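Numbering (the working numbering), first residue to last: 116 to 427. Heads up, the beta-carbon is just placed ideally off N, CA and C, and yes, glycines get one too. Quick caveat, the model's predicted, so the values are computed rather than measured.
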Amino acid sequence: MHMSTSDLLWAGFAVIITIMITLDLGVFNRKSHEVSFQEALTWTLVWVSLAFSFNAGILYFMGSTKALEFLTGYLIEESLSIDNLFVFILIFSYFHVPRKYQPKILKWGILGALVMRGLFIFLGIELFERFHWMIYLFGILLIVTGIKMAFGGEEKINPEKNLLVRLARKFVPITKKTYGDRFFIRRGGILAATPLFLTLLVVESSDVIFAIDSIPAILAITKDPFIVYTSNVFAIMGLRSLYYLLSNVLEMFAHLKLGVSFILAFIGAKMLISSVYHIPIYFSLGVIVGALAISIFTSITIGAKSKKCVKL
116 MHMSTSDLLW AGFAVIITIM ITLDLGVFNR KSHEVSFQEA LTWTLVWVSL
166 AFSFNAGILY FMGSTKALEF LTGYLIEESL SIDNLFVFIL IFSYFHVPRK
216 YQPKILKWGI LGALVMRGLF IFLGIELFER FHWMIYLFGI LLIVTGIKMA
266 FGGEEKINPE KNLLVRLARK FVPITKKTYG DRFFIRRGGI LAATPLFLTL
316 LVVESSDVIF AIDSIPAILA ITKDPFIVYT SNVFAIMGLR SLYYLLSNVL
366 EMFAHLKLGV SFILAFIGAK MLISSVYHIP IYFSLGVIVG ALAISIFTSI
416 TIGAKSKKCV KL
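Structural data, given as structure tokens:
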């Protein structure tokens with residue numbers, strides 16, 4: 116049976132991701148342990164290198180436009196993911212999860228995110244194709260989200276108000292302490308959940324909220340399901356190692372939230388004017404790269420100056 120180029124690319128992507136998930140989550144990180152900076156750096160470089168190699172493959176098989184769309188989508192997802200790391204830190208701090216048990220929660224959180232993102236992407240594409248007016252609704256949503264992110268102050272979470280947590284507490288006994296890295300234990304013949312399971316529920320539900328921002332943002336760049344999903348997956352798979360790489364230095368990137376909020380507002384505006392004027396993909400990519408570069412540069416330089424002032 117003859118396979119089209121699209122089928123071959125989907126098959127190649129599936130093989131690459133299956134092998135890498137097995138190695139990353141099933142072999143090298145099968146047992147709970149505290150991830151070192153060197154290990155996090157290695158896996159971050161592995162996933163970033165794979166993403167750019169895959170992008171080169173898209174350039175070869177699908178052309179420069181699709182390659183630019185993949186790169187833009189990947190950068191959007193990565194920038195939003197970095198902002199989401201702040202939320203993960205708050206969640207783990209709230210539930211007092213030891214660092215050596217955090218990788219397991221992130222592992223299952225990522226696997227869940229891969230499934231949910233797929234559903235969100237194909238649902239989003241279907242909605243955009245059937246109801247064109249929704250592009251304006253999501254455009255307004257992204258602009259509002261960007262403004263709230265820029266001027267909303269520090270991030271706060273209250274897991275006890277989370278619907279999944281409340282349902283879990285209602286129907287499943289919850290232990291007061293953790294039992295290693297286990298999500299469930301049997302206590303007196305009754306299956307009970309541990310605080311780690313509640314943490315996982317909050318992480319998974321947080322990703323649903325993240326997807327409401329990130330999926331429309333990427334669909335504003337392209338509605339090609341292959342480009343949207345693959346760029347999402349490569350960004351999400353690198354999130355776990357990126358968390359450990361940056362978790363101790365996130366304070367250095369104080370202006371990154373402003374950069375991400377500007378990106379969201381820009382993409383929202385792009386969606387609102389899409390019927391009147393189509394902003395070229397290379398211009399969108401330039402804006403995104405520029406916003407990230409400026410926010411990171413100002414965070415580092417202003418942060419360094421602030422430390423010098425404190426010393427004086």
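- Using a C-beta cut-off of 8 Å, the region 396–410 makes contact with the region 189–205, since at least three inter-stretch Cβ pairs fall below that distance.
- Note on the region 199–269: whole alpha helix (DSSP H) runs with a minimum of 4 residues are 217–245 and 249–266, in chain order.
- By the beta-carbon neighbour count (other beta carbons within 10 angstroms, threshold 16), Asn-273 is exposed.
- Looking at the backbone, the Cα of Thr-337 and that of Pro-288 are separated by about 45 Å.
- For secondary structure counted as the beta strand (DSSP E) over 3 or more consecutive residues, the region 279–324 holds these complete runs in sequence order: 299–302 and 305–308.
- Less than 8 Å separates the beta-carbon of Ile-342 from that of Lys-181.
- Spatial neighbours of Ser-320 in its own chain (CB-CB distance under 7 Å, excluding positions within 5 residues in sequence) are listed in chain order as Asn-277 and Leu-279.
- Pairing Leu-315 with Tyr-392, the inter-Cα distance amounts to about 43 Å.
- Residue state for Gly-178 is assigned as coil, using DSSP reduced to three classes.
- Between the alpha carbons of Lys-215 and Gly-254 lies a distance of about 40 Å.
- In the displayed model, Asn-277 falls within coil according to three-state DSSP, outside both helix and strand.
- Here the C-alpha atom of Val-130 lies approximately 15 Å from the C-alpha atom of Met-352.
- Judged by pairs of C-beta atoms under 8 Å, the region 202–220 does not touch the region 327–337, as fewer than three such pairs exist.
- For Phe-381, the uninterrupted alpha helix (DSSP H) segment begins and ends at 371–387.
- Listed in chain order, the non-local C-beta contacts of Pro-340 below 7 Å within the same chain comprise Ile-236, Phe-237 and Ile-240, local neighbours out to five positions each way being set aside.
- By the Cβ test, the region 146–162 is in contact with the region 355–364, since at least three Cβ pairs between them sit closer than 8 Å.
- For Val-163, the three-state secondary structure derived from DSSP is helix.
- Within the same chain, Cβ atoms closer than 7 Å to the Cβ of Leu-186 are found at Asn-170 and Leu-400, the five residues on either side in sequence being excluded.
- Counting other Cβ atoms within 10 Å of its Cβ, Lys-372 reaches 16 or more and is therefore classed as buried.
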